[in-house]
């Protein structure tokens, strides 16, 4: 019997396919969460370095404004890069996986 309990590896049951899909969905969810956490960590690091040169007991209104603007720009850049990357993947998929961009 294999890992998923299959006796005939060539013919998985509907339950096994459902379980496989659940595991795949969970992995995708965990990856999305890890990516979001990484994005937030990088954004915090970059914006803190840029906006808070001398940390103190509280943020000034100037610090807060800088952080808001930095965060907005960081997310705009991330979204632009993501859209561009997804579009590129789509074009490459249409071209049969050609990675050099030539037809």
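Residue numbers (our numbering): 659 to 761. Heads up, the beta-carbon is just placed ideally off N, CA and C, and yes, glycines get one too. Quantities reported herein were computed from a predicted structural model and do not represent experimental measurements.
Same chain only: Cβ atoms within 7 Å of residue i, ignoring 5 sequence neighbours per side
i, result
"residue 687", "none"
Contact under 8 Å by Cβ, residue i with residue j
i, j, result
"residue 732", "residue 705", "yes"
"residue 736", "residue 697", "yes"
"residue 701", "residue 723", "no"
Distance between residue j and residue i (C-alpha atoms, nearest Å)
i, j, result
"residue 684", "residue 691", "10 Å"
"residue 679", "residue 672", "11 Å"
"residue 703", "residue 752", "37 Å"
"residue 681", "residue 675", "10 Å"
"residue 764", "residue 734", "Since the first residue shown for the chain is 659 and the last is 761, residue 764 is missing from the structure and cannot be characterised."
"residue 727", "residue 677", "44 Å"
"residue 738", "residue 715", "35 Å"
"residue 750", "residue 712", "46 Å"
"residue 743", "residue 754", "16 Å"
"residue 720", "residue 707", "14 Å"
Spatial neighbours of residue i in its chain, beta-carbon cut-off 8 Å, leaving aside the 5 residues before and after
i, result
"residue 717", "710 and 725"
Residue nearest to residue i in terms of C-alpha spacing, selected from the options
i, options, result
"residue 694", "746, 747 and 740", "740"
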